[in-house]
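Just so we're on the same page, my numbering is the position in the sequence shown counted from 1, plus 1.
To keep things clear, I will list the structure first and then write my remarks on it.
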Amino acid sequence: MRGIYRKVLAGMGKWSSGELARAIQIAGAMDSDYERRQALSALFDSQALDAARQITFLHQSLNFSSDYERAELLVGAEPHLANTPEVRQAWLDAALGVKSDYERRRTLQSMLTGDRLDDAQLVRVIQASDS
């Protein structure tokens with residue numbers, strides 16, 4: 002399914018800021034966590050999102066009930082996110098909402114390999130890994 006989303010989105014060229022905001026909102030409102038992740042990932046892969054749109058994108062993952070789907074979205078997006086404190090914080094907030102020990106570890110580990118956390122965020126990751 003992601004291939005279909007990617008083909009459609011890639012064929013539409015660069016979107017305006019308003020179009021991106023609306024597309025993220027629509028994708029985030031999908032009922033299925035799987036379909037939501039597929040649509041959001043395809044959107045992320047096909048459009049250049051500025052830091053503000055990346056934060057909106059990350060906030061959509063807070064509505065996932067599936068830890069696996071949230072982890073997949075966050076792990077896939079992590080290497081491509083803007084390295085700003087606000088984007089890192091939004092990513093970390095979403096990651097800390099993952100309840101499954103395995104998925105939480107996998108998600109947090111993807112952030113730690115990038116060496117992109119400030120000291121306060123690193124402390125949050127360490128504290129979260131202890132719970």
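C-beta atoms are modelled at their ideal positions from N, C-alpha and C, and glycine is treated no differently.
Keep in mind it's a predicted model, so treat the numbers as computed, not measured.
For residue i, tell me which candidate among the options has the shortest Cα-Cα distance.
{"i": "residue 123", "options": "99, 92, 104", "result": "92"}
{"i": "residue 22", "options": "37, 57, 77", "result": "57"}
{"i": "residue 52", "options": "34, 106, 18", "result": "18"}
{"i": "residue 46", "options": "120, 14, 109, 69", "result": "14"}
{"i": "residue 80", "options": "104, 121, 109", "result": "109"}
{"i": "residue 48", "options": "114, 16, 31", "result": "16"}
Skipping 5 residues on each side, what residues in its chain have a beta carbon closer than 6 Å to that of residue i?
{"i": "residue 71", "result": "62, 65, 99"}
{"i": "residue 2", "result": "Low local confidence applies: a pLDDT of 49 at residue 2 is under 50, so the model's placement there is unreliable, and no value is given."}
Work out the CA separation of residue j and residue i for me, nearest whole Å.
{"i": "residue 86", "j": "residue 102", "result": "25 Å"}
{"i": "residue 127", "j": "residue 34", "result": "28 Å"}
{"i": "residue 121", "j": "residue 88", "result": "14 Å"}
{"i": "residue 74", "j": "residue 105", "result": "12 Å"}
{"i": "residue 76", "j": "residue 67", "result": "14 Å"}
Assuming residue i and residue j are in contact, meaning their beta carbons sit under 8 Å apart, how far apart are those beta carbons, in whole angstroms?
{"i": "residue 96", "j": "residue 112", "result": "7 Å"}
{"i": "residue 28", "j": "residue 55", "result": "Not really, about 14 Å apart at Cβ, beyond 8 Å."}
Enumerate in chain order the residues of its own chain whose CB-to-CB distance from residue i is below 7 Å, with the five nearest sequence positions on each side excluded.
{"i": "residue 50", "result": "21, 58"}
{"i": "residue 69", "result": "104"}
Ordered along the chain, which non-local residues of its own chain (more than five positions away) have a Cβ less than 8 Å from that of residue i?
{"i": "residue 25", "result": "41, 44, 54, 57, 58, 61"}
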